[in-house]
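Trainee:
Protein chains: 4
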Amino acid sequence: MTELKEQLINTRRKFHRFPEVGFTEFITTYEIYKALKPLAYTLYLGDDVLLRSARVGLPDDSVFEKSYDRAIKYGVPKEFLEYVKEGTTGVIATLDTGRPGPHFAARFDIDGLPITESEDASHKPKTEDFISLHHGEMHACGHDGHITTGLYLAEYINKHRDQLKGRFTLIFQAAEESVRGAKSVVEKGWLDDVDYFFSSHLGIRNLPAGTVSAATTDFLASTKFDVKFSGKSAHAGVEPNAGNNSLLAGSLAALNLNAIARHGGGSTRINVGTMTAGSGRNVIADQAYLEIETRGETKELNQYMFNKAKTIIQAAADMYENDVEIIPVGEAPDAECSAELIDAVKEAVKNNNHITDLKDTLSFGASEDVTMMMERVLEKNGKATYMLFPFELEYGHHHPKFDLDESVLLLAASVYTDIVNYLMKND
Amino acid sequence: MTELKEQLINTRRKFHRFPEVGFTEFITTYEIYKALKPLAYTLYLGDDVLLRSARVGLPDDSVFEKSYDRAIKYGVPKEFLEYVKEGTTGVIATLDTGRPGPHFAARFDIDGLPITESEDASHKPKTEDFISLHHGEMHACGHDGHITTGLYLAEYINKHRDQLKGRFTLIFQAAEESVRGAKSVVEKGWLDDVDYFFSSHLGIRNLPAGTVSAATTDFLASTKFDVKFSGKSAHAGVEPNAGNNSLLAGSLAALNLNAIARHGGGSTRINVGTMTAGSGRNVIADQAYLEIETRGETKELNQYMFNKAKTIIQAAADMYENDVEIIPVGEAPDAECSAELIDAVKEAVKNNNHITDLKDTLSFGASEDVTMMMERVLEKNGKATYMLFPFELEYGHHHPKFDLDESVLLLAASVYTDIVNYLMKND
Amino acid sequence: MTELKEQLINTRRKFHRFPEVGFTEFITTYEIYKALKPLAYTLYLGDDVLLRSARVGLPDDSVFEKSYDRAIKYGVPKEFLEYVKEGTTGVIATLDTGRPGPHFAARFDIDGLPITESEDASHKPKTEDFISLHHGEMHACGHDGHITTGLYLAEYINKHRDQLKGRFTLIFQAAEESVRGAKSVVEKGWLDDVDYFFSSHLGIRNLPAGTVSAATTDFLASTKFDVKFSGKSAHAGVEPNAGNNSLLAGSLAALNLNAIARHGGGSTRINVGTMTAGSGRNVIADQAYLEIETRGETKELNQYMFNKAKTIIQAAADMYENDVEIIPVGEAPDAECSAELIDAVKEAVKNNNHITDLKDTLSFGASEDVTMMMERVLEKNGKATYMLFPFELEYGHHHPKFDLDESVLLLAASVYTDIVNYLMKND
Amino acid sequence: MTELKEQLINTRRKFHRFPEVGFTEFITTYEIYKALKPLAYTLYLGDDVLLRSARVGLPDDSVFEKSYDRAIKYGVPKEFLEYVKEGTTGVIATLDTGRPGPHFAARFDIDGLPITESEDASHKPKTEDFISLHHGEMHACGHDGHITTGLYLAEYINKHRDQLKGRFTLIFQAAEESVRGAKSVVEKGWLDDVDYFFSSHLGIRNLPAGTVSAATTDFLASTKFDVKFSGKSAHAGVEPNAGNNSLLAGSLAALNLNAIARHGGGSTRINVGTMTAGSGRNVIADQAYLEIETRGETKELNQYMFNKAKTIIQAAADMYENDVEIIPVGEAPDAECSAELIDAVKEAVKNNNHITDLKDTLSFGASEDVTMMMERVLEKNGKATYMLFPFELEYGHHHPKFDLDESVLLLAASVYTDIVNYLMKND
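Protein chains in written order, with numbering that gives the first Met the number 0: chain A, 0 to 426; chain B, 0 to 426; chain C, 0 to 426; chain D, 0 to 426.
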């Protein structure tokens, strides 16, 4: 067991060293592919993984180029990069046992964040020398641990494939951050005939390691989008009247978006997180760029916010005679875990002695694009759940000093294999 | 001369007693008509005076009814009231000498203001017992003096008609306040073939009585309008989301109207003078009513402001999903007096010994709908001017204690007759 | 039983005829006093009922004068009016049995609303001739029924006083609407040593008559206040720079109040219900008056909103160099009913056959100043609950056609007497 | 003459190649110094030129470092850089003839702009190979020509110094752009005893080369400043209430700054040219940075705008509980040229045959910190003027394709020497 634990820790640390932000996971995709290649899976890459046109929130070409060069330098073969270089990252692995049985799917997200990792002496990745080698990017949300869990599960299924039945689909998904990547996988059809769908997150709740939650409540539905106002510049001294002021259009939108009426039906959120406007002090600004998100306790409440937002943004543009473009970046619905899977998980892990506290559900209180996959599975009459593996968080997710309690890697791995075993017997 | 002076003062005081706000000048119109009836003029009333559809800023029916009853009580015959009762007030008097000569026109405005006259012991109309008998209405802008001047001029022309040549048109115009009445007279065509057009104001500049200005500069073009936002009410506790907030639409419009960019081409103004919104503390407001005006140093600058205002008001309505109505109230262009008439006036009054200081021009700095008449005259190749007869103002125009220096009545009367005489000889 | 039912209906209809808005309940107070006078209670009036300085949201003197004249005309003796004429309305009745036992208190609110009652043929008070005789005022929230219940309970206690123990305090409270009156009673100390406190509302939930809820959840804490901005007027054409614009200060406050950040801890509300600003189109507005309310799921959440509101209002005044006054109008905390009293009520009414459906709690979702009394009782270690007596609502509370289902009068009366009897045996 | 013309063109092109933005004119200062060194002037550098603490709008240290390295590479000696490296750039050259006579001063501004010069084939500096070698910086306002004129004047005075009388002060001033540099020279006292002060601009009015204006009207007084709001970040989903939103503070300031009331006394301007706020979509923004300017037809009107701006900015910070810092960047008063110098210039150039059209004054309509020098000279009873040397502008000042009509170099040079000669004879 100690050996397995070490193996998992090594895998996680390897991925921790080369975090890549969403849709640029060229090295990550390659390393996952390399790990799965020797096994009995059919592997899918590039346009076979996702529907290119359904991706949102893609980075600029210059980012792709930089990541390409970095991957070449790392040693990813040029032929491999052909599959992924335009942002078609991620791997899907399928295995058909040939025996009748359920279709089991699991999803592991693989992207890093645009955060510069702390080099503080108190930060273990620094002192134990597995800190990010990609300056300005970091696995600050634990997706390195998710990859690790997924690869272990893949090996386990491969190893026991003669004792298993039905079909297995393991999804290593790009660009979960800003809830951008799931949609393109869903639209490709991968979730259309899944019977049991599992996914999970390490951490989140600040509870002792050993705690497992069989399901999750309180996903906030969310829409992420950018807004670009385009007006007309003019000399601010000579003829301010000739300008169509984009800075004012943006300011007006920001204020009024925050004034959207609260909803009697439940919690809602709005945020204009950033705004960049104008080119010079004595010029009427002819550009403003805003990054915005709406949220709601339900998909309907989020939709209420997004609809109001669109109205307000258009009116702000009209008021200052600007053109305006709303650029979709990401989207996640709310979701409800299947009660049957809560019971199944609880039964499955009955004898798992890594678990010290087993809960039916814990609250999430944020957004995850896995909800888009869960929604499709449920629509197609499958069942879905999202588990949590909490640990004591010294620094929260997305913090430059965030770190995994690596003991949860083994815990998570064991829970997934327990579930597979249980479903084989009880489906 | 003392006799004439007294006669003018008596006339002015008679009109001062029954001020009537714009388009309700039923008694005033009747008294002017009565005074002109015995003379050689052709008189025009009602729809012959103005184009009904071109009037703006009409009062409510209830105001018409109240004024009707008041006029009946005063003694205006019912048959006469038929001409004016729907707001078609004012009189036009024409006289054709039958001899070839120029077409001379003059305009005198006749309406009072919705101001309650002061009953203070220091206020002469109170102590000398000619204070307004119409509570809440007052001749606080001197139009009682303008009527007086006009009636004197009418008598003078009538008396000397055998020595005169050409044609005369005397316009006693309704509803100058809020620049509402002139347009409907212009649209009727009365100014289309005028050769010489004169009008004037008593007071305005705070200079010694005896000062005369042959012309006026710095008329501000102006547009007056009301805005009514109509939204949807909702319980502010239970479902604020269900409302379309008119109070916020109005507030938004007010702020952004004030933020219209200054114009490099000259002075502009905007004011939202009043706003009334909402029905109760715990209800989302479903109504907002705003009284607004724009101004500009030129007609184009005022138009710039009004165009921007319309855009902003529509966008404010859109932002809070309100319907909106823009209700025109009044309009005045800018104007430039004809240089030829400055010379003519100066020549004409050369021997007028009531004048102590004769100026080419003085600045107005406000709006007057006479500019609409001047504009038409100039377009048709006539000449026009607007004279000022200043006096020392203890209280400004529109103040509850405003009063005329009655010595200017004779001055103004004498200047008008000098001009008529001059034009007869020099045209 | 039919006789009692009729008696209750008659009482309710009597009070329905002369609704009086908060702090002007001169006739109402007199009639309650008259009804209690023959009984064994000690009665308190005027400054003995409430702490004058703790009242908020008082009407203008002119309203007091009008109500005084009306009461005189109705037949209220001048000597009696001395107690109430300055807004010190309401009655408190106490009875000490002389035997050891608990202190029982109940509160009945007595004010009407500034709503004009419907004269529609479908409206029973119209057709059965007990419609409001006070034009513009109406018992549209059922407080006439509350008074009725309270008076019946008073009679019942009086009648059985020899079989009862402990002390009784019956509070007929003024000015519940806009949550204004309770505070002044609490500050007088009346709730400081109460063991069991009961209050209730007729209607609210739209459920079949016969339903009783032993307690109520989801009171929204609320603060009601007015805001008066005072700036400086100036001529909008001549020198707009000289003004301090109150209309803009008010507009700015309204927009930014609506933009107060949502709270992660639960529901909040804000509403600027009305705004009146400015005096004329061409004058910079020097006054703005706003009616505002904040709410929160808890007292803390409401306090968060009110604190933010104060900051914003001050800053809006500063931005346009206005003075500003925040005028408190009313206040209600949230409240939680005592679990022990839920059990007590359920036991007490076990054999009450008017009840068809007995519930532990129902949700309120609005604000009530009774929460201020409950808070004080709980602080002093007493127990408190607030019951609901729903019926099927054709028109909601505060609607011009609101009407009571009069069958609930007997139901409510019987529940209160059941409770008194139960407490006598079980305290 | 052709030789002189060529010499001037060469000098101008040399300076055109190494434009340096305000306070980083290390190479420029060195080259001016080198040119003056052989002459009879006393030269002042560094803290002798300006009062360090009176400078505003200094660049970051990193900019100084970059410019230092660039100057080293260019060949400026380290010892020389000691004088200027902390932003104490510019040169002052004085010459005392020893003979009684007036104190003549002239000012030439030397800085470039942060604009990338056009490499278009139609742009002469590109095709004739004197385009800026400093990417992102450009002499797009003609200061290269100003330096050229100043150096020629210096040589001329030096050469004829035995025929001249009185004293001469030639000011090569740093950082005119954004009106930042003049103040520090004035505060050092250099303008305190000047009798005749001359300065000028090439271009500005789009008139045929050969036109000279002896004076300039319509300088706009202006204040340039930056504003930094500092709030508090918070997770926009979890607890938006915990943030103090700087993006909203900035937006609010921008809107309300534009709503400052127009001034009855004359033209005013305001512009928020740029705003940068926030760090991420799902974080409440805790920083906003705005670049702002106010202007006014007079110093008082500009002061009115700046005072209002300060009030609004503070209130915007208060409204969203932000700290705020107002960072001065530059300042220029208005100015009026001395009538006596208009006459003097006209007399002086009477026989100058480069001039095709001589005007008393032309309008400027923008801001120049030379006005701060003129103001000091006039206060001390000296006389001052600012001349214009228009030419036909294909592209306006500050445009990436702006270019001088090099024929005006000789014209300007000749006018300055004419003036010196005239003053010698006529003072």
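Note that the Cβ used here is the ideal one computed from N, Cα and C, for glycine as well.
1. Among Gly89(B), Arg204(B) and Ala334(B), which one has its Cα closest to the Cα of leucine 50(B)?
2. Which word fits serine 212(A), buried or exposed, when buried means at least 16 other C-beta atoms lie within 10 angstroms of its C-beta?
3. Quick one, which residues of the segment 242 to 273 of chain B are near chain A if we go by CB-CB under 8 Å, in chain order?
4. Identify every residue that forms a DSSP beta bridge with glycine 295(C).
5. Report yes or no: is there a C-beta of chain A within less than 7 Å of the C-beta of valine 407(D)?
6. Considering only residues of the segment 181 to 259 of chain D, which uninterrupted alpha helix (DSSP H) runs meet the minimum length of 4 residues and lie entirely inside it, listed in chain order?
7. Identify the contact partners of leucine 219(D) in chain A, using a Cβ-Cβ distance below 8 Å as the criterion.
8. Nearest to asparagine 420(A) by CA position, among Asn240(A), Thr148(A) and Val344(A), is which residue?
9. With a cut-off of 7 Å, does the C-beta of aspartate 119(D) fall near any C-beta of chain C?
10. Name the chain D residues whose beta carbon is nearer than 7 Å to that of glutamate 320(C)?
11. Take tyrosine 82(C) and list the residues in its own chain whose beta-carbon comes closer than 7 Å to its own, dropping the five residues that flank it on each side.
12. Distance check for glycine 329(C) and tyrosine 303(D), CA to CA, integer angstroms please.
13. Give me the chain B residues within the contact set of arginine 51(C), using Cβ-Cβ distance strictly less than 9 Å, ordered along the chain.
14. Check each candidate in His133(A), Glu118(A) and Leu132(A) and name the one with the smallest Cα separation from threonine 126(A).
15. Could you spell out the range, first to last residue, of the alpha helix (DSSP H) harbouring lysine 123(C)?
16. Considering just the uninterrupted stretch of the beta strand (DSSP E) at valine 344(B), what are its terminal residues?
17. Measure from the C-beta of alanine 314(A) to each C-beta in chain B and report whether the shortest distance is under 7 Å.
18. For alanine 120(C), does the count of other Cβ atoms within 10 angstroms reach 16, so buried, or fall short, so exposed?
19. Excluding the 5 residues flanking lysine 77(B) on each side, which residues of the same chain have their C-beta closer than 6 Å to its C-beta?
20. Which first and last residues belong to the alpha helix (DSSP H) in which leucine 387(D) is found?
21. With a 10 Å radius around its C-beta and 16 neighbouring C-beta atoms as the bar for buried, classify isoleucine 311(C) as buried or exposed.
22. Mind checking whether threonine 147(D) and leucine 7(D) have CB atoms under 7 Å apart?
23. Residue range of the beta strand (DSSP E) that histidine 102(A) falls in?
24. Glycine 236(D) and arginine 294(A): beta carbons closer than 7 Å?
25. For leucine 403(B), name the three-state secondary structure that DSSP assigns.
26. Inspect the beta-carbon positions of lysine 379(B) and leucine 340(B) and report whether they are closer than 7 Å.
27. Thinking C-beta only, is histidine 15(B) closer than 7 Å to phenylalanine 129(B)?
28. Helix or strand or just coil, what does DSSP make of arginine 166(A)?
29. Of all Cβ atoms in chain D, is any one closer than 7 Å to the Cβ of arginine 160(A)?
30. As a quick exercise: from Asp110(D), Gly264(D) and Asn157(D), pick the residue whose alpha carbon is nearest that of glycine 144(D).
31. Judging by CA-CA distance, which residue of Phe22(C), Gly149(C), Ser131(C) and Asp95(C) is the nearest neighbour of phenylalanine 167(C)?
32. Could you give the residue range of the beta strand (DSSP E) that holds lysine 358(D)?
33. Under a CB-based cut-off of 7 Å, is valine 62(A) close to chain D?
34. What residue does the beta strand (DSSP E) around tyrosine 43(B) start on, and which one ends it?
35. So that I know if they touch, is there some Cβ in chain B lying closer than 7 Å to that of asparagine 240(A)?
Mentor: Considering the structure as presented:
1. Gly89(B)
2. buried
3. Gly242, Asn244, Leu247, Leu251, Asn255, Ala258, Ala260, Arg261, His262, Gly263 and Gly264
4. Ala220(C) and Thr267(C)
5. no
6. 181 to 186 and 245 to 257
7. Gly236
8. Val344(A)
9. no
10. Thr310
11. Leu44 and Gly45
12. 41 Å
13. Simply none; closest approach about 24 Å.
14. Glu118(A)
15. 123 to 126
16. Premise fails: valine 344(B) lies in the alpha helix (DSSP H), 338 to 347, not in any beta strand (DSSP E).
17. yes
18. exposed
19. none
20. Segment 382 to 390 is the beta strand (DSSP E) holding leucine 387(D); no alpha helix (DSSP H) there.
21. buried
22. yes
23. 102 to 108
24. yes
25. coil
26. no
27. yes
28. strand
29. no
30. Asp110(D)
31. Asp95(C)
32. 356 to 362
33. no
34. 41 to 43
35. yes
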